[in-house]
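Protein chains in written order, with the numbering used here: chain E, 31 to 451; chain L, 12 to 335. All remarks here apply to the structure that follows.
Structure, rendered in structure tokens:
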């Protein structure tokens, strides 16, 4: 008996362009108690991983979507309160999400229950409808049916495909040959997460789109190191923020971008788009090689060093805690990636489409460096050096232009004073 | 081009080949002086003489046996059964000898057996059958079932030309009811090639013989519902135009197979099974069959009407498929 009102937990809409999400982990099991706003599960979309808080306090009466399953936004994932198996009252029946097919629970040993595979909304899917749905990555249950008993006919399906804004080219599916075991002896197979799929598609698309060229420059970071030593204590004491080298480079790069609009621009169809703002993407690695995310610092051109340092720290923390929302990762105009943390001194990153360039920062190392004093005498000094690369889309950015960008960036860093003004 | 009835087109095709090729002769019951039970060969004996238009005794087994022997000696016999129903008497000669001779001994058996078939005029159980599926099942025999005067002539000429035994099912109900333009010159219609009787995009009807017209009328009624029905006239049952059927099935995804023969083991079953095997992923509904029930053909006009697939039956079947 339902002693309390049942509340549905549905796959949340995590941004305008997000249509589905994968349940990565249930944090509560059926029968467990949960408080409102307590995290109930973790989901992964092609943009972000996040936690879904419980909409109500009560017992988790039903979990309808298993870990690893990907379902459309709005699909009912679980029910809080009410009695198990009793659907929550839904104010808008037409918007009621349909649960995906899921494995029926194993029948108890003594009572062999007929295994019921709820096929979507229970309506028959004809072979041709199933085929078209698979080709276009459409859930037939999302298609309004005009056939007998509301069945989705081929014509319904074709009309739906036609209405799809993207004209739905078949979504790339994991290339697993039918009948082939996914993992041979000694191998292990794990499902491709939504994030990994997103990264894979994005990286491939970028290389297929842009003409990648990488130029590198060596930067004497003496002045930045000195400035940072001074500011570090102050920032940590006053603001609890660590001014990382990345923050200095970001600040200098944003300034330099004002003079090189194409590096901050975009080749969009027949137009070259440039901006009077910089939405600076910062590539952040998630734990254990589980993915990479590029949250964006909006209007970085309005921020001083402290502001950028705070923004970097905030985004990095929220990325790792899965607290980002899709808007945090949208709209970047230029990206900085920092693979130097483990000592690499050079790299050729992939441009974050549709941007035109990505800046790579590498290990800061002390190196013998030839310097020329005021009297024109050469000497070898020990300098904290950093290699910085600019990988740019040669369709829009020419080599000399990129070279001048790097030169100016180096000049800014090598002549750094105080908090950079 | 002249406008001929279906029956006149058969006569025209036979006459064309007899005039062109002296090896071609006609043998059957009352085909000579009387001109055949349906007057297909009226005047033939006068033109070609009694040795090429032979009145045979009432013995179908002798007729087909004579044809088989003559064909092996180099002639091109055309046998007429008064009614297709009577061919059962010649079963052994056709199935055991004619169908197998070429495969067994390499000797072609270029015979044509003309089979006035079909019901609709209270002919009763012995004068109304459509036994094509029995013979389609026999390797070595070909079966054609023209529906139009043009095909009647062209397929008869192809059948006479063909080095194999060909069973030529001519539908009695079409003899004088169906008229059409028929080229005066000699031409052939390839055996094994279907004809799109009517193009459509929503449903397919696969049929042959007199049912082509039943399907056509039903299709016109569905036009009023805004449902576009394609009608494929198979023209040949063996070999049959699988490619054309599958193409239509893939286009519309909903197929109705219609035939006048009884349902169980009728040739429609073969067509439905082939669509299920080869076009399964293109289907949006089960393949439907409309056929006569599994009984002998009744004499009584109301009963025969109930027995033969009617336009209303086809309309109902098509509507059901459309709504599926």
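Glycine included, every Cβ here is placed at the ideal spot set by N, Cα and C.
{"Query": "At the 8 Å Cβ level, is residue 158 of chain E part of the contact set with chain L, yes or no?", "Result": "yes"}
{"Query": "For residue 290 of chain E, which of helix, strand or coil comes out of DSSP?", "Result": "coil"}
{"Query": "If you check the beta carbons only, do residue 412 of chain E and residue 389 of chain E fall under 8 Å apart?", "Result": "no"}
{"Query": "With a floor of 3 residues, list each beta strand (DSSP E) that falls wholly inside the segment 124-179 of chain L, ordered by position along the chain.", "Result": "153-155"}
{"Query": "I'd like to know whether the C-beta atoms of residue 329 of chain L and residue 257 of chain L end up nearer to each other than 8 Å.", "Result": "no"}
{"Query": "Residue 55 of chain L bridges to which residues according to DSSP?", "Result": "DSSP lists no partner for residue 55 of chain L."}
{"Query": "Would you call the segment 54-67 of chain E and the segment 86-101 of chain E in contact, with 3 or more CB pairs under 8 Å?", "Result": "yes"}
{"Query": "Taking a cut of 7 Å between CB atoms, which residues from the segment 287-317 of chain L lie near chain E?", "Result": "291, 292, 293, 294, 295 and 296"}
{"Query": "Report the partner residues of residue 184 of chain E according to the DSSP bridge assignment.", "Result": "The partner list for residue 184 of chain E (beta bridge, DSSP) is empty, contrary to what the question assumes."}
{"Query": "Counting only Cβ pairs nearer than 7 Å, list the residues of chain L close to residue 153 of chain E.", "Result": "Correct list: empty, because the minimum Cβ distance to chain L is about 12 Å."}
{"Query": "Check whether the Cβ atoms of residue 88 of chain L and residue 38 of chain L sit closer than 8 Å, and answer yes or no.", "Result": "yes"}
{"Query": "DSSP on residue 101 of chain L, reduced to helix/strand/coil?", "Result": "helix"}
{"Query": "Could you check if residue 178 of chain E belongs to the surroundings of the ligand FMN, using beta carbon to heavy atom distance under 7 Å?", "Result": "Looking at this structure, you won't find the ligand FMN or any other ligand, since it has none at all."}
{"Query": "Whose C-alpha, out of E:72, E:242 and E:157, is nearest the C-alpha of residue 353 of chain E?", "Result": "E:72"}
{"Query": "Restricting to runs no shorter than 3 residues, where is the beta strand (DSSP E) found entirely within the segment 369-435 of chain E?", "Result": "387-402 and 408-423"}
{"Query": "How about the segment 133-151 of chain L and the segment 320-334 of chain L: do they share at least three Cβ pairs that are nearer than 8 Å?", "Result": "no"}
{"Query": "For a contact meaning CB atoms closer than 9 Å, what does residue 180 of chain E contact in chain L?", "Result": "Here the premise fails: no neighbours, minimum Cβ distance about 12 Å."}
{"Query": "In chain order, what residues of the segment 230-255 of chain L put their CB closer than 8 Å to some CB of chain E?", "Result": "none"}
{"Query": "What residue does the alpha helix (DSSP H) around residue 313 of chain L start on, and which one ends it?", "Result": "312-318"}
{"Query": "Run down chain A in chain order and give the residues with a C-beta less than 8 Å from the C-beta of residue 17 of chain L.", "Result": "Protein chains E and L are contained in the structure displayed, whereas chain A is not."}
{"Query": "Chain E partners of residue 210 of chain L, CB-CB under 7 Å?", "Result": "Within chain E, no residue comes near residue 210 of chain L; the closest Cβ sits about 17 Å away, beyond 7 Å."}
{"Query": "I'd like to know if residue 177 of chain E contacts chain L, where contact means its C-beta is closer than 8 Å to some C-beta of that chain.", "Result": "yes"}
{"Query": "If I measure Cβ to Cβ from residue 82 of chain L and keep anything under 7 Å in the same chain, skipping five residues before and after, which residues do I get?", "Result": "88, 120, 121 and 122"}
{"Query": "For residue 280 of chain L, which of L:264, L:293 and L:297 has the nearest alpha-carbon?", "Result": "L:297"}
{"Query": "Could you please give the first and the last residue of the uninterrupted beta strand (DSSP E) stretch that includes residue 296 of chain E?", "Result": "296-298"}
{"Query": "Whole angstroms is fine: what's the gap from residue 50 of chain E's alpha carbon to residue 108 of chain E's?", "Result": "16 Å"}
{"Query": "Excluding sequence positions up to five away, which residues of its chain have a Cβ less than 7 Å from the Cβ of residue 158 of chain E?", "Result": "184"}
{"Query": "Using the Cβ count rule (16 or more neighbours within 10 Å means buried), how would you classify residue 499 of chain E?", "Result": "Residue numbering for chain E in the displayed model covers 31 to 451; residue 499 of chain E lies beyond these limits and cannot be assessed."}
{"Query": "For a quick check, are the C-beta atoms of residue 55 of chain L and residue 94 of chain L less than 8 Å apart?", "Result": "no"}
{"Query": "Please list the partners that residue 334 of chain L has in chain E, where partner means a Cβ-to-Cβ separation under 8 Å.", "Result": "177 and 178"}
{"Query": "Do you know offhand how far residue 400 of chain E's Cα is from residue 249 of chain E's?", "Result": "13 Å"}
{"Query": "Could you give the residue range of the beta strand (DSSP E) that holds residue 190 of chain L?", "Result": "190-193"}
{"Query": "At a cut of 8 Å, does the segment 345-352 of chain E reach the segment 282-295 of chain E through at least three beta carbon pairs?", "Result": "no"}
{"Query": "With DSSP as the reference, please indicate the residues paired to residue 364 of chain E in a beta bridge.", "Result": "E:310"}
{"Query": "Work out the CA separation of residue 433 of chain E and residue 420 of chain E for me, nearest whole Å.", "Result": "9 Å"}
{"Query": "Could you tell me which chain E residues have their CB closer than 7 Å to the CB of residue 264 of chain L, listed as they occur along the chain?", "Result": "158 and 184"}
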